[in-house]
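Residue numbers (the working numbering): 216 to 933.
Beta carbons: idealized from backbone N, C-alpha and C, even for Gly.
Everything numeric in this text was worked out from a predicted model, so none of it was measured.
Heads up: the structure comes next, in structure tokens.
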């Protein structure tokens, strides 16, 4: 407890200094009694802090609900608005109890950022009139229309107070860090108050009447219950979204325990019930206070609780000091905060995902129509954009040199994409042979009917259509009358890129008699497959590699057909300089065979590879031949001569202590021995000793599809 308080106590004091002016400002912008903002800060800090799950989040009056509260006060009055806040808290409790908190995260951040930006613009426009000595109008448009006349009017001391406040706020961020420990709003309001008092300016000051001393029980609004329910749900949902998105953002600022969103929602529900009963504004998590809390070193919820206690003590003992603050200074603070709510960083973030229209429409609609209407407009546009992206289909067609047409359809095929789909397909000349690739994760009946009808028409006019489904067999299932998948299928790479021919869903057509002709047919079909699908994707890479190779690895492995170096290393063209032979053997320096030695020299002295890897594998036939003392080599003289290069491996195997399968052990010992053989080459040894080259042993367990990196070679050169 003491260990955490040394961090939480100073952090709570800084957050307290931020909370008081901001709470007063939110209350003023809402048209509520100024004490309501302080009540929300107290309840949010103490109750939401104690009951919540987040370690460093701080709650207070909901900035995002400023316009909603202002409209509710205009419509129902203050005490009825408090009842709506109380009932909204009950709704949040119910949502949290049924674990519905994460549903709030389904709201697009572009809508939330646009909402806050719109609220900021409305607050800035309304409070600018107060700074200029006038009164704000009912709507943002009215404030904008009246602004030129307000600017042209004769101004008094209120304008000077506002300019002083904004000037201090703007300059405070440029001061040394040790001075900026004090939050900017406090010195800004203090400077404005002292200047106004020192020069005896006749300016309006903050009025705390109608606060705690004038408290009365909340009353039910006198209106149709449908409208009351709508208001309660609006306050509950907007406050919940603001709080939960803040929780997610704050979780990214620290390394402590993650927030339980349902518990956090219930905590804010309880806080809103109490705040409404006491005459406070709606409570939500506050990103400005939470960020300040994290930056000042808070560790636990005690920082939030203590900040609420400091606000309470301030209200009880020093509330009279608030009456010294000029109203114009508080309005200038709100103008500054409102402008800051339109964040360029948010625009950049949503622009990266193509959601600027959602942001702009939400912001403009909030300003022109109102908060609820703006949110609905933003949600509707976000839903339309999501629907467009989810149902967008890409159709590409090209004519091959042999006269065939290759068409590729990618995406989710629904009725919305049928017009574009049919337009592209019917542009293919009648009678032409067509290869149609379907790389899709969904197909509805309308899309199937469109493709199927086009195929029948095209074949009726003398053309041919070869449909190949790269993902799942949506078309084939629909054509057979089978029941379709109920939802989209997760994407995966086409199996033909790594499966053997015999395991593929779509196998090459081979002659019935089999034999060499069948093998040639498979290779021809494979080359055709490469030309159709892989070559267009890889052509830029091969063009770059055409004149020069610069591999980083020399990869020596067995010629076994089950070992595919690029597959087990996830490498591509130009990565590996590969040498394959029977048994992944490296003849020692001076041996009669120069094929491996020449590859080693070229790789290390011309290509300057940094690593040589020798990769063995389980069930190696060459090692089985060594174990059988050449019996398995039978009448294969070339193989018997080649296996002589493995005698050192066999000798090391016989000397080693081993347990388990002899063949598996020999395969591993052989890898280490070949690494040792590499050191018989003087230049290899010199490069290894100087750190320019690294030798690595690898072992591919075929049955388990696992690649192991073996320890360094244990066998010394004899």
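Which residues bound the alpha helix (DSSP H) around residue i?
{"i": "residue 566", "result": "559-566"}
{"i": "residue 506", "result": "502-510"}
{"i": "residue 575", "result": "571-583"}
{"i": "residue 521", "result": "517-533"}
Taking 7 Å as the threshold (C-beta atoms), are residue j and residue i in contact?
{"i": "residue 886", "j": "residue 841", "result": "no"}
{"i": "residue 477", "j": "residue 316", "result": "yes"}
{"i": "residue 335", "j": "residue 556", "result": "yes"}
{"i": "residue 485", "j": "residue 266", "result": "yes"}
{"i": "residue 643", "j": "residue 649", "result": "yes"}
{"i": "residue 273", "j": "residue 505", "result": "yes"}
{"i": "residue 863", "j": "residue 889", "result": "no"}
{"i": "residue 620", "j": "residue 647", "result": "yes"}
{"i": "residue 610", "j": "residue 639", "result": "yes"}
{"i": "residue 662", "j": "residue 628", "result": "yes"}
{"i": "residue 513", "j": "residue 234", "result": "no"}
{"i": "residue 577", "j": "residue 593", "result": "yes"}
{"i": "residue 480", "j": "residue 365", "result": "no"}
{"i": "residue 879", "j": "residue 833", "result": "yes"}
{"i": "residue 299", "j": "residue 450", "result": "yes"}
{"i": "residue 526", "j": "residue 256", "result": "yes"}
{"i": "residue 383", "j": "residue 402", "result": "yes"}
{"i": "residue 768", "j": "residue 824", "result": "yes"}
For residue i, which three-state DSSP category applies?
{"i": "residue 931", "result": "Since pLDDT at residue 931 reaches only 40, below the 50 mark, its modelled position is unreliable, and the value read off the structure follows with that caveat. Reduced to three states, the DSSP call for residue 931 is coil."}
{"i": "residue 274", "result": "strand"}
{"i": "residue 807", "result": "coil"}
{"i": "residue 469", "result": "coil"}
{"i": "residue 879", "result": "helix"}
{"i": "residue 235", "result": "helix"}
{"i": "residue 479", "result": "helix"}
{"i": "residue 395", "result": "coil"}
{"i": "residue 313", "result": "coil"}
{"i": "residue 924", "result": "strand"}
{"i": "residue 626", "result": "strand"}
{"i": "residue 914", "result": "strand"}
{"i": "residue 268", "result": "coil"}
{"i": "residue 919", "result": "coil"}
{"i": "residue 686", "result": "coil"}
{"i": "residue 896", "result": "coil"}
{"i": "residue 499", "result": "strand"}
{"i": "residue 354", "result": "coil"}
{"i": "residue 657", "result": "strand"}
{"i": "residue 433", "result": "coil"}
{"i": "residue 241", "result": "helix"}
{"i": "residue 755", "result": "helix"}
Use the C-beta contact count for residue i: other C-beta atoms within 10 angstroms, 16 or more gives buried, fewer gives exposed.
{"i": "residue 559", "result": "exposed"}
{"i": "residue 472", "result": "exposed"}
{"i": "residue 918", "result": "exposed"}
{"i": "residue 929", "result": "Bear in mind that the predicted position of residue 929 carries a pLDDT of just 42, short of 50, making it unreliable; the figure below should be weighed with that in mind. Exposed, by the Cβ-count rule."}
{"i": "residue 660", "result": "exposed"}
{"i": "residue 324", "result": "buried"}
{"i": "residue 934", "result": "It is not possible to answer for residue 934, since the shown part of the chain is limited to 216 through 933."}
{"i": "residue 935", "result": "Outside the modelled stretch of the chain, which goes from 216 to 933, sits residue 935, for which no answer is possible."}
{"i": "residue 286", "result": "buried"}
{"i": "residue 582", "result": "buried"}
{"i": "residue 269", "result": "buried"}
{"i": "residue 931", "result": "Residue confidence for residue 931 is low, a pLDDT of 40 falling below 50, so the modelled location carries little weight and cannot support an answer."}
{"i": "residue 754", "result": "exposed"}
{"i": "residue 933", "result": "Low confidence applies to residue 933: its pLDDT is 39, below 50, so where it sits in the model is not reliable, and the reading given next is rough at best. Burial call: exposed."}
{"i": "residue 396", "result": "exposed"}
{"i": "residue 852", "result": "exposed"}
{"i": "residue 676", "result": "exposed"}
What span of residues does the beta strand (DSSP E) with residue i cover, start to end?
{"i": "residue 773", "result": "768-773"}
{"i": "residue 377", "result": "Here residue 377 belongs to no beta strand (DSSP E); instead the alpha helix (DSSP H) covers 372-387."}
{"i": "residue 832", "result": "826-832"}
Any C-beta of chain B sitting closer than 7 Å to the C-beta of residue i?
{"i": "residue 820", "result": "Structure shown: chain B not included; a single protein chain is present."}
Cβ pair count under 8 Å reaching 3, the stretch 239-258 against the stretch 443-459
no
(message) Between the stretch 280-299 and the stretch 487-495, can you find at least three pairs of beta-carbon atoms closer than 8 Å?
(response) yes
### Task
Mind the definition here: the stretch 348-364 touches the stretch 509-524 only if three or more C-beta pairs lie below 8 Å; say whether that holds.
no
Original post:
Are the stretch 531-546 and the stretch 329-349 touching by the rule of at least three beta carbon pairs closer than 8 Å?
Top reply: Touching, yes.
- prompt: Are the stretch 383-400 and the stretch 559-577 in contact at 8 Å, needing three or more beta carbon pairs?
  reply: no
- prompt: So, do the stretch 527-546 and the stretch 408-416 have three or more beta carbon pairs nearer to each other than 8 Å?
  reply: As far as the Cβ criterion goes, the stretch 527-546 touches the stretch 408-416, which means the pair count is three or higher.
- Message: So, does the stretch 806-814 touch the stretch 867-877, judging by three or more C-beta pairs under 8 Å?
- Response: no
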